[in-house]
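No gaps in the numbering here: position 144 of the sequence shown is 143 in numbering that gives the first Met the number 0, and each next residue is one more. Built from N, CA and C at the ideal position, the CB exists for glycine as well. Take a look at the structure below.
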Amino acid sequence: MDKLKFSVAMSVYKNDNPEYVQTALDSIIKQTCVPDEIVLVADGPIPDALREVIEHTRKRFPQLRPLYQEKNAGLGEALRIAVENARYDYIARMDSDDISLPERFEKQIKCFREDPSLSIVGGMITEFVDTPDNITGRRLLPLTDAKIKKFMRSRCGVNHVTVIFKKSELLRVGNYQPFYHQEDYYLWARMIKGGCVFRNIPDVVVNVRAGRDQYARRGGIKYMKSQIKMFHFMYKEGVITLPRLLYNYAVRSAVQFLMPNVLRTWIYQHFLRKK
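Right under this line is the structure:
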């Protein structure tokens with residue numbers, strides 16, 4: 000059987016840690032199922048140390064294609080560029096500071112072989128601080144299309160860093176678009192509206208580097224307004240009902256704006272993550 004060819008879409012920017020980027024790239028090129036290319040968008044000017052990591056890796060893995068951008072435009076725009084420049088219809092997403100487990104791509108590509116109707120396949124993650132063996136939690140999500148879409152009415156039902164999707168399906172619904180801290184959720188909502196088929200595999204496929212203040216960053220009025228705008232879009236497009244919209248407004252206002260950081264962190268760690 001012919002190999003199902005696929006790309007990896009990744010972005011970096013000036014504040015990324017070169018050591019973490021190297022570790023992320025190494026986890027991609029050492030997969031049991033190696034990608035046919037890595038499209039890496041440098042989102043604006045980057046320091047020499049980061050550029051050296053990219054160019055050093057390209058010597059070891061010529062399928063790495065860096066796209067250096069003159070101006071920083073944000074994650075949504077960087078990923079849009081990566082998707083548009085990918086040569087293959089299957090595209091795996093990867094973050095610049097996380098670690099893909101060695102069999103990640105092999106397991107996900109197998110799903111597409113077994114069910115060509117799938118539009119997107121995600122998986123589970125662990126979150127760690129400092130080193131991968133210091134795991135602070137796991138984000139486990141529904142597996143089937145129907146259950147993922149039901150989950151999506153209130154929370155993001157796909158771990159963004161884990162996904163492989165069909166480029167043709169993304170372009171059909173408008174590709175990535177800028178949306179403050181919601182680029183992925185906004186895309187999934189449009190894919191639901193467009194009739195795309197979702198699946199998550201039960202395996203942990205990515206170790207995610209979690210900053211000690213990551214839950215604190217999910218607060219504030221700007222973050223809350225972005226989420227409210229997101230849910231309003233979902234209501235307008237018929238993805239959620241009016242009661243669900245009002246429920247989401249109430250919950251997000253409490254968690255993202257009214258709740259102190261220490262309490263928000265406790266809720267995420269004890270209710271929204273598994274140990």
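- By the Cβ test, the stretch 44–58 is not in contact with the stretch 153–167, since fewer than three Cβ pairs between them sit closer than 8 Å.
- The criterion of a C-beta distance shorter than 9 Å is satisfied by P65 and L39.
- Taking the Cα positions, D88 is about 8 Å away from K4.
- One alpha carbon belongs to S10, the other to A48, and they sit about 16 Å apart.
- Shown here for F150: same chain residues with a beta carbon closer than 8 Å to its own, the five before and five after excluded, namely L140, P141 and G156 in chain order.
- For D144, the closest of T130, G122 and P131 by C-alpha to C-alpha distance is G122.
- The stretch 90–105 makes no contact with the stretch 174–182: fewer than 3 CB pairs, one atom from each, lie closer than 8 Å.
- Taking a C-beta distance under 9 Å as the contact criterion, V7 and I90 qualify as a contact pair.
- Rounded to the nearest whole angstrom, the C-alpha separation of K192 and V205 is 27 Å.
- The distance from the Cβ of T22 to that of E105 is about 20 Å, inconsistent with a contact at the 8 Å cut-off.
- Apart from sequence neighbours up to five positions away, the residues of its chain that approach M229 with a beta-carbon distance below 8 Å are F178, Q181, Y184, Y185 and A188, ordered along the chain.
- DSSP places Y89 in the uninterrupted beta strand (DSSP E) bounded by Y89 to R92.
- For the 9 Å CB-CB criterion, D42 and Q68 form a contact.
- Annotation for R152: I239 and R243 place their beta carbon closer than 7 Å to its own, counting only its chain and skipping 5 residues before and after.
- Pairing M190 with S116 gives a Cβ-Cβ distance that is not under 9 Å.
- Taking 8 Å as the upper bound for CB-CB distance, V82 and L169 are in contact here, some 6 Å apart.
- For S99, the pairing in a beta bridge is given by DSSP as V205.
- For R154, there is no enclosing alpha helix (DSSP H), as DSSP gives it neither H nor E.
- Ranked by how close their Cα comes to the Cα of R79, the residues S26, R171, T125 and E113 have R171 in first place.
- Around the beta carbon of T125, 16 or more other beta carbons sit within 10 angstroms, so the residue counts as buried.
- Comparing alpha carbon positions, the residue from K221, R59 and F127 closest to V207 is F127.
- The residue from R251, P44 and D35 with its alpha-carbon nearest to that of N14 is P44.
- Burial check for A249: the Cβ neighbour count within 10 Å stays below 16, so the residue is exposed.
- Residue pairing of K165 in beta bridges, as defined by DSSP: Y89.
- Per the coordinates, the alpha-carbon of K109 lies some 22 Å from the alpha-carbon of G194.
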